[in-house]
Amino acid sequence: MSLAERLRGAPHGIVLSDLHLFSWRSRGQECLAGLQEDLRAATVLVLNGDIFDFESTTLPTIEAAIEEAYTWFERLTTGHPQLAIHYVFGNHDYVH
1 MSLAERLRGA PHGIVLSDLH LFSWRSRGQE CLAGLQEDLR AATVLVLNGD
51 IFDFESTTLP TIEAAIEEAY TWFERLTTGH PQLAIHYVFG NHDYVH
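Numbering (my numbering), first residue to last: 1 to 96.
Given below as structure tokens:
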């Protein structure tokens with residue numbers, strides 16, 4: 001039984017950390033794909049640092065990675081409008 005089925009009707013949240021999106025070592029997209037049902041049922045999402053990895057990006061530039069991060073957030077918020085999203089910056093999320 002999925003988390004969504006066990007908690008149906010009860011407010012609940014999900015905490016994600018260290019996805020390192022855009023990095024060659026990231027498995028974040030696979031992780032997120034497996035959480036779609038739970039994300040649809042959640043009311044709170046805490047992104048607990050190192051969601052992106054701008055310095056190790058596989059995209060052509062850090063600027064391109066920043067633009068993709070904005071797009072990623074836009075898809076997340078429009079795809080899950082019920083979520084209250086809280087973001088805690090990690091050391092890989094920081095851009096000078």
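Even for Gly, the Cβ is constructed at its ideal location relative to N, Cα and C. None of the values given here were measured: they were computed from a predicted structure.
- Task: Return the CA-CA distance between T61 and A69, expressed in angstroms with no decimal places.
- Result: Sequence index remark: in the sequence shown, residue 61 carries index 61 (1-based). Sequence index remark: in the sequence shown, residue 69 carries index 69 (1-based). Answer to the nearest angstrom: the Cα atoms are 12 Å apart.
- Query: What number of angstroms, rounded off, separates the C-alpha of I66 from the C-alpha of Q82?
  - Reply: In the sequence shown, residue 66 corresponds to position 66, counting from 1. In the sequence shown, residue 82 corresponds to position 82, counting from 1. About 24 Å.
- Task: Enumerate, from N- to C-terminal direction, the unbroken alpha helix (DSSP H) stretches of 4 or more residues contained entirely within the stretch 30-82.
- Result: 36-41 and 62-79
- Query: When the distance is taken between beta carbons, is C31 closer than 9 Å to L16?
  - Reply: In the sequence shown, residue 16 corresponds to position 16, counting from 1. In the sequence shown, residue 31 corresponds to position 31, counting from 1. Taking 9 Å as the Cβ cut-off, L16 and C31 qualify as a contacting pair.
- For G13, the first and last residue of its enclosing beta strand (DSSP E): Translated into the one-based positions of the sequence shown, residue 13 becomes position 13. That run of the beta strand (DSSP E) goes G13 to L16.
- Message: I believe L19 touches G13 by the beta-carbon criterion, under 8 Å. Please report the beta-carbon distance rounded to the nearest angstrom.
- Response: Counting from 1 along the sequence shown, the entry for residue 19 is found at position 19. Counting from 1 along the sequence shown, the entry for residue 13 is found at position 13. That belief does not hold up - the Cβ atoms of L19 and G13 are roughly 16 Å apart, past 8 Å.
- Going by alpha carbons, who is nearest to R75 out of R6, L39 and S23? Within the sequence shown, residue 75 is the residue found at index 75, counting from 1. Of the candidates R6, L39 and S23, the one whose C-alpha sits nearest the C-alpha of R75 is L39.
- DSSP beta-bridge partners for S23? As a working note, residue 23 is residue 23 in the sequence shown. S23 is bridged to T57.
- Cutoff 6 Å; reference W24; Cβ partners in own chain excluding five residues on either side: Counting from 1 along the sequence shown, the entry for residue 24 is found at position 24. Excluding positions up to five away in sequence, the list reads T58.
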